[in-house]
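Position in the sequence shown (first residue = 1) + 47 = our numbering.
Built from N, CA and C at the ideal position, the CB exists for glycine as well.
Quantities reported herein were computed from a predicted structural model and do not represent experimental measurements.
Input: a single structure, listed below in structure tokens.
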Amino acid sequence: LNPLDDTLGYEMRRASGAVTNAYSAALDVLGLRLNEASMLIIIGANPGRTQSDVGRALGIQAANMVALINRLLAAGWIERASGQGRAMSLLLTPQVQDLLHAVESAFW
48 LNPLDDTLGY EMRRASGAVT NAYSAALDVL GLRLNEASML IIIGANPGRT
98 QSDVGRALGI QAANMVALIN RLLAAGWIER ASGQGRAMSL LLTPQVQDLL
148 HAVESAFW
């Protein structure tokens, strides 16, 4: 009935949507959005990287990073530290470790 059912691109898009929905549901229980959880994982694996580094790794534009960083800072999950030059590096706070383990369980 649907001529798109036989196209690879359409099927890939549907699969991507299903996976994203499953991740989002698992993370919603933790009070996180997918992009926030992704940022915690990247920062945890790369402590001391700059906001720009994290944004590039995730493909997030600089303008969109500000709100994400501010939410994670306000929640007490990340902190800024002096970096090279004027750049500020990002670190996870000790209190986010249990949350990070839960996030990683949702991803793996």
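Going by DSSP, which residues form a beta bridge with Ala128? Ser136
Hey, how far is the Cα of Ser63 from the Cα of Asn111? 22 Å
Straight-line CA distance for Arg133 to Tyr57? 45 Å
Which of the three DSSP states is assigned to Thr97 in this structure? strand
Inter-residue Cα distance where the pair is Ser129 and Ala114: 20 Å
Is the beta carbon of Ile88 sitting closer than 8 Å to the one on Glu151? yes
Return helix, strand or coil for Arg118, following the three-state DSSP convention. helix
Excluding sequence positions up to five away, which residues of its chain have a Cβ less than 8 Å from the Cβ of Gly123? Thr140, Gln142, Val143
Alpha carbons only, please: which of Leu74, Leu48, Leu137 is nearest the one belonging to Ala149? Leu74
For Asn82, which residues from the same chain have a beta carbon less than 8 Å from its beta carbon, with the 5 sequence-adjacent residues on both sides left out? Leu105, Ile107, Leu115
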